[in-house]
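Under our numbering, the sequence shown has 49 at position 45, and the numbering climbs by one with no breaks. Here's the structure we're looking at; comments come further down.
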Amino acid sequence: MADQTADLRVPGDGERWRCAGCGNLTRFDVTRTRRTTEYWHFDLAGEHQVEEETVRSEAVEAVSCRWCGRSDAIEIVDRASADTAGDPAAG
5 MADQTADLRV PGDGERWRCA GCGNLTRFDV TRTRRTTEYW HFDLAGEHQV
55 EEETVRSEAV EAVSCRWCGR SDAIEIVDRA SADTAGDPAA G
C-alpha cells in the first residue's frame, strides 16, 4: 500500500480519519506543527492563561493508528457513512 503521509490533513467538518488496516476510527497519534498568535494574560503572581489563540498555519506531519501502529493506511472518510462496527474500540 502506498504511503499517504504527503496528503495528510486535519479532517474537515463531516469527515474523520480511518485506519484502512484495522478499521480504527477513534484513536490516532498525530504529529503536527502549528504557528499561532496568542494573547497571554498574566496574574499578579506571574501565572498566565492563554485567553485568545489565532492559528496562522498548521501542518500535519504524521498520523499513525494507535491500535495497529500503521501510518501508511490512514485515510479520510465521510463521517456519516463510516462503518463504526469495524472499529476495534467497538468490540
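Backbone N, C-alpha and C fix where the C-beta goes; we use that ideal spot for every residue, glycine too.
CA-to-CA distance, residue j to residue i, given in whole angstroms
| i | j | result |
| --- | --- | --- |
| Cys26 | Glu56 | 38 Å |
| Ile78 | Arg60 | 25 Å |
| Val81 | Glu65 | 19 Å |
| Ala49 | Val67 | 39 Å |
| Ala84 | Gly18 | 7 Å |
Whether residue i touches residue j by CB criterion (8 Å)
| i | j | result |
| --- | --- | --- |
| Arg31 | Ala94 | no |
| Ala86 | Arg20 | yes |
Simplified DSSP state of residue i, which is helix, strand or coil
| i | result |
| --- | --- |
| Ala66 | strand |
| Thr58 | strand |
| Thr30 | coil |
Bounding residues of the beta strand (DSSP E) (the contiguous stretch that carries residue i)
| i | result |
| --- | --- |
| Cys72 | Premise fails: Cys72 is in no beta strand (DSSP E) and is neither H nor E. |
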